[in-house]
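Student: Below you will find the structure I want to go over with you.
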Amino acid sequence: MDGPRRMRNLLNAGFLKRKGASETHPRGPRQARVVAVAAQKGGVGKTTTAVSLAAALASLHGQRVLIVDVDPQAHVHASLRAVSRPGSVTLSDVLLADQPRDLMDAVVPSGIEGLSLTPPDKALHEAEGRLAARVGREVILQAALDTARTWFDTIVLDCPPNLGTLTLNALLAADEVLVPCDMSLLALEGVADLLDTVHTVNTRLRHPLAVVGVVRTRVDGRNLKQNQAIEAALRDNFGDLLLSTSVPVNSALAQAQTEGRAIFDFSPRSKGAQAYARLADEWLSLSQAEAAS
Ligand SMILES: Nc1ncnc2c1ncn2[C@@H]1O[C@H](COP(=O)(O)OP(=O)(O)OP(=O)(O)O)[C@@H](O)[C@H]1O
Ligand SMILES: [Mg+2]
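Right, here's the structure in full:
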């Protein structure tokens, strides 16, 4: 290859790298608590819990909150019907960038005061496969959250219903994990698998991820016997990890998600809103108790 052509190629390669590079974001004054909402089983209420907890912290406690949608299904975006500009930087842009990239590039407002989110990102499906070949693939989100931690009080990571690379990225980026469990045997088994993964994260990957607890979701008061059996199994197996808040089946929660509105806006007096307000209180009091100990 002749000299000028080689030079041109090198310059082009440099230009392409710069195109994928982050803007530089200043650091803020906050220190976020990062919580992953994760469960292996699908449909147990992870997204409802992530969005409602985040909305409670922003709307009822005046926090600055970011929800990172780590699930290719992009249900966070649908749940809040946020407006995102076409061509916005997405989480998969951040995860797949050649150079370390700042997640702040992918933060957009939700329309709710204090609450931000990442744009819908169906390409995350593909990202999971492409990440498989990368060295250090599990810690990309952890590094990308560095600046965001200084701009938010809480960062909530909504995980997909499996324990793949995306969930592992979330667990390694988080300080703690909150596990929703509906009152079914399959969900119960899923909690055990997730806690095994947390143990691996703690011991083999040496990341100090704490378990906030297991929150019972979609509790149908009519299934008394089943509820008692699952609750007894949860207590036997996970003891102290069972949170006192439980979330009842409440049609307002499903309707709010369909309408793309947070429950505190859609139906602030509903049983669902009350339950998630209690969950936010319990979660905040657990962190205060930990800080005092
Ligand atoms: N407490 C509840 N009462 C009634 N409906 C609920 C409740 N919690 C969640 N739902 C509804 O159940 C469905 C599944 O909930 P959600 O999307 O939160 O689950 P998920 O665990 O995030 O699912 P996935 O595994 O697909 O990500 C949704 O239609 C949601 O509106
Ligand atoms: Mg979900």
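Here my numbering is used: the first residue of the sequence shown is 67, the next is one more, and so on. Just so you know, even glycine gets a beta-carbon here, dropped at the ideal spot from N, CA and C.
(1) Could you tell me if the beta carbon of residue 141 falls within a distance shorter than 8 Å of some heavy atom in ligand 1?
(2) Which same chain residues end up closer than 7 Å to residue 307 when comparing Cβ atoms and leaving out the 5 residues on each side of it in sequence?
(3) Are the Cβ atoms of residue 296 and residue 254 separated by less than 9 Å?
(4) Which of the three DSSP states, helix, strand or coil, is assigned to residue 215?
(5) Go through its chain and collect everything with a Cβ distance to residue 154's Cβ below 8 Å, but skip five positions before and after it.
(6) Please name the residue in 359, 183, 125 and 120 whose C-alpha comes closest to that of residue 140.
(7) If we ignore side chains and look at the alpha-carbon of each, how far apart do residue 339 and residue 199 end up?
(8) Residue 113: beta carbon under 8 Å from a heavy atom of ligand 2?
(9) What residue from 268, 201, 91 and 124 has the CA that sits closest to residue 162's CA?
(10) Rounded to the nearest angstrom, how far is the Cβ of residue 264 from that of residue 238, given a contact under 8 Å?
(11) Per DSSP, what kind of secondary structure is residue 136 in: helix, strand or coil?
(12) Given a cut-off of 9 Å on the beta-carbon distance, is the pair residue 241 and residue 275 in contact?
(13) Tell me the residue span of the beta strand (DSSP E) that contains residue 284.
(14) Please identify the residue among 142, 300, 305 and 337 whose C-alpha is closest to the C-alpha of residue 317.
(15) From this set, 134, 252, 260 and 290, which residue's C-alpha is nearest residue 220's C-alpha?
(16) When DSSP labels each residue in this structure, what does residue 242 get in the three-state scheme?
(17) Please classify residue 171: does DSSP put it in a helix, a strand, or coil?
(18) So, is the C-beta of residue 245 closer than 9 Å to a C-beta in chain D?
(19) Rounded to whole angstroms, how far is the Cβ of residue 115 from the Cβ of residue 283, which I believe are closer than 8 Å?
Tutor: Reading it off the structure:
(1) Translated into positions along the sequence shown, residue 141 becomes position 75. Answer for residue 141: yes, Cβ within range of ligand 1.
(2) For the purposes of this step, residue 307 is taken as the residue at position 241 of the sequence shown. Only 277, 279 and 280 meet the Cβ criterion.
(3) In the sequence shown, counting from the first residue as 1, residue 296 sits at position 230. In the sequence shown, counting from the first residue as 1, residue 254 sits at position 188. Yes; because the gap between Cβ atoms is below 9 Å, this pair is in contact.
(4) As a first step, residue 215 must be located in the sequence shown, where it is residue number 149. Helix.
(5) Within the sequence shown, the letter at position 88 stands for residue 154. These residues qualify, in order along the chain: 172, 174 and 185.
(6) As a first step, residue 140 must be located in the sequence shown, where it is residue number 74. For the residues 359, 183, 125 and 120, the minimum Cα distance to residue 140 belongs to 183.
(7) Here residue 339 refers to the residue found at position 273 of the sequence shown. Here residue 199 refers to the residue found at position 133 of the sequence shown. In a straight line, the C-alpha of residue 339 is about 42 Å away from that of residue 199.
(8) Within the sequence shown, residue 113 is the residue found at index 47, counting from 1. Because some heavy atom of ligand 2 lies under 8 Å away, the Cβ of residue 113 counts as near it: yes.
(9) Mapped onto the sequence shown, residue 162 falls at position 96. Of 268, 201, 91 and 124, the residue nearest in Cα terms is 201.
(10) Taking the sequence shown and counting its residues from 1, one reaches residue 264 at position 198. Taking the sequence shown and counting its residues from 1, one reaches residue 238 at position 172. No, residue 264 and residue 238 are not in contact; Cβ-Cβ is about 11 Å, not under 8 Å.
(11) The sequence position of residue 136 within the sequence shown is 70, counting from 1. Residue 136: coil per DSSP, three-state reduction.
(12) Taking the first residue of the sequence shown as 1, we reach residue 241 at position 175. Taking the first residue of the sequence shown as 1, we reach residue 275 at position 209. In this structure, residue 275 lies closer than 9 Å to residue 241 by Cβ.
(13) The residue labelled residue 284 in the question sits at position 218 within the sequence shown. Run containing residue 284: 276-285, per the beta strand (DSSP E) assignment.
(14) The sequence position of residue 317 within the sequence shown is 251, counting from 1. Residue 317 has its Cα closest to that of 337, out of 142, 300, 305 and 337.
(15) Here residue 220 corresponds to residue number 154 of the sequence shown, with the count starting at 1. When each option's Cα is compared against that of residue 220, the closest is 134.
(16) On the sequence shown, residue 242 is found 176 positions in, with the first residue counted as 1. Correct three-state label for residue 242: strand.
(17) For the purposes of this step, residue 171 is taken as the residue at position 105 of the sequence shown. DSSP places residue 171 in helix when its eight states are reduced to three.
(18) Among the chains of the structure shown, chain D does not appear; only one protein chain is present.
(19) Taking the sequence shown and counting its residues from 1, one reaches residue 115 at position 49. Taking the sequence shown and counting its residues from 1, one reaches residue 283 at position 217. Indeed, because the Cβ distance is near 6 Å, the residues count as touching under 8 Å.
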